[in-house]
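**Q** Position in the sequence shown (from 1) plus 24 gives the number in our numbering.
C-beta atoms are modelled at their ideal positions from N, C-alpha and C, and glycine is treated no differently.
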Amino acid sequence: MHRETIGNPLSWSAQRLALVGRGVGAAVDGIGSHEMAPPAVNKIDAEDIGIALRKGIADFAALRTDVITAVALYPVIGFVLAVWAFHAGQMHLLFPLAAGCPLIGPVAAIGLYEMSRRRERGEEVGWGAALSALTGRVLGPVLALGMLLVAIFVLWLFAAHEIWAATLGPMPQESLRAFLTATFTTEAGWTMAVIGILVGFVFAAVVLCVSLVSFPMLIDRSVGVPVALATSLAVARRNPGATLLWGVIVAVSLLLGMIPFFAGLIVVLPILGHATWHLYRRAVA
Numbered sequence: 025m026h027r028e029t030i031g032n033p034l035s036w037s038a039q040r041l042a043l044v045g046r047g048v049g050a051a052v053d054g055i056g057s058h059e060m061a062p063p064a065v066n067k068i069d070a071e072d073i074g075i076a077l078r079k080g081i082a083d084f085a086a087l088r089t090d091v092i093t094a095v096a097l098y099p100v101i102g103f104v105l106a107v108w109a110f111h112a113g114q115m116h117l118l119f120p121l122a123a124g125c126p127l128i129g130p131v132a133a134i135g136l137y138e139m140s141r142r143r144e145r146g147e148e149v150g151w152g153a154a155l156s157a158l159t160g161r162v163l164g165p166v167l168a169l170g171m172l173l174v175a176i177f178v179l180w181l182f183a184a185h186e187i188w189a190a191t192l193g194p195m196p197q198e199s200l201r202a203f204l205t206a207t208f209t210t211e212a213g214w215t216m217a218v219i220g221i222l223v224g225f226v227f228a229a230v231v232l233c234v235s236l237v238s239f240p241m242l243i244d245r246s247v248g249v250p251v252a253l254a255t256s257l258a259v260a261r262r263n264p265g266a267t268l269l270w271g272v273i274v275a276v277s278l279l280l281g282m283i284p285f286f287a288g289l290i291v292v293l294p295i296l297g298h299a300t301w302h303l304y305r306r307a308v309a
């Protein structure tokens, strides 16, 4: 039996790019829904979330070499953005950048959903095999939904900048210490913090409801973006308590994963990604 070999990330990427031209039509066609009726959604609770997390940890333990390879770039990107904000005089964006990680976390975990799906079915599992699924009908919807989350992330950064400019700004603070001092010892600083947290909560709630099960569903079923979004919103609407609990777990885990210097994301992101797949399997009939 012929088996595709994966030499290294560079050679694999070259192979994928060579196939892009052949699958553009299928990718675009996949954005729309072929199955117009969203599937039924189940009632889930804290016990289901606990089971999903335990299965996510088990997947990470079994596939840690491959998943670390797949997500290693994301902590580097976070660290680079933090260094840029510090040296470019944009220290007021340090916290929004960190707080915005949950907004694009579902995009970063796409390959992890496929790994969990393959392991669940007893198929070959690896980062190359997982990402090879992102072609044809899957590629278009995933890219479209991913761009939506990236757009929300950019809007959040713009909103955070405007909140800072209207309170502590518009002149940047000379150092991180000066910024922190102004934030916690002045009325303008506390105003910025409170408004920023409230606005950030709105952005996070929108992304949580939109991406709760939509990405795993696009990987698993022949549906387009509209059905995936409708199903994710239906799960959140039927399970508000479980959705809120999951959102808190994700936010706290990613925050802890950023310590120190985003390095913890190498462990936190795979566990949450795998757990999201198993949560989807319990939430969608």
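Relative to the C-alpha of TRP180, which candidate in PRO294, ILE128, PRO240, ARG143 has its C-alpha closest?
**A** The candidate whose alpha carbon is nearest that of TRP180 is ILE128.
**Q** Can you give the beta carbon distance from VAL234 to SER256, rounded, assuming they're within the 8 Å contact cut?
**A** The pair is a contact, with the Cβ atoms about 6 Å apart (cut-off 8 Å).
**Q** To the nearest angstrom, how far is it from the Cα of ALA309 to the Cα of THR210?
**A** Their backbone Cα atoms lie some 52 Å apart in a straight line.
**Q** Would you say the beta carbon of THR210 is closer than 7 Å to some non-hydrogen atom of the ligand COA?
**A** This structure lacks the ligand COA, and indeed carries no ligand of any kind.
**Q** Three-state secondary structure (DSSP) at VAL65?
**A** DSSP places VAL65 in strand when its eight states are reduced to three.
**Q** In its own chain, which residues sit with a C-beta less than 7 Å from the C-beta of PRO240, not counting the 5 before and 5 after it?
**A** If we look at PRO240 and ignore the five residues flanking it on each side, its Cβ neighbours are TYR137, THR300, TRP301, TYR304.
**Q** Applying the 10 Å Cβ sphere with the 16-neighbour rule, what's the burial state of LEU268?
**A** Exposed, because fewer than 16 other Cβ atoms sit within 10 Å of the Cβ of LEU268.
**Q** Roughly how many angstroms lie between the CA atoms of ARG201 and ALA212, to the nearest whole one?
**A** Spanning the two alpha carbons is a distance of roughly 16 Å.
**Q** So ALA307 packs on VAL237, CB below 8 Å; how close in whole Å?
**A** Sure, about 6 Å apart at Cβ, within 8 Å.
**Q** Can you list, in chain order, the residues of its chain with a C-beta nearer than 6 Å to that of LEU117? Leave out the 5 residues immediately preceding and following it.
**A** Closer than 6 Å at the Cβ level, and outside the excluded window around LEU117, lie ALA109.
**Q** Could you spell out the range, first to last residue, of the alpha helix (DSSP H) harbouring SER235?
**A** Where SER235 is concerned, the enclosing alpha helix (DSSP H) stretches over 211-235.
**Q** Is the region 189-206 in contact with the region 139-148, if contact means three or more CB pairs nearer than 8 Å?
**A** No contact exists between the region 189-206 and the region 139-148.
**Q** Considering only their Cβ atoms, is the gap separating PRO165 from VAL249 smaller than 8 Å?
**A** In this structure, PRO165 lies closer than 8 Å to VAL249 by Cβ.
**Q** In whole angstroms, what is the alpha-carbon distance linking PRO62 and ALA260?
**A** Straight-line Cα distance between these residues: approximately 14 Å.
**Q** With distances taken between CB atoms, is the gap from GLY124 to PHE177 smaller than 8 Å?
**A** Taking 8 Å as the Cβ cut-off, GLY124 and PHE177 qualify as a contacting pair.
**Q** For VAL174, does the three-state DSSP call read helix, strand or coil?
**A** Note: VAL174 maps to helix in three-state DSSP.
**Q** So, is ILE243 buried or exposed, given that buried needs 16 or more other C-beta atoms within 10 angstroms?
**A** Classification of ILE243: buried, given that the 10 Å Cβ count is 16 or more.
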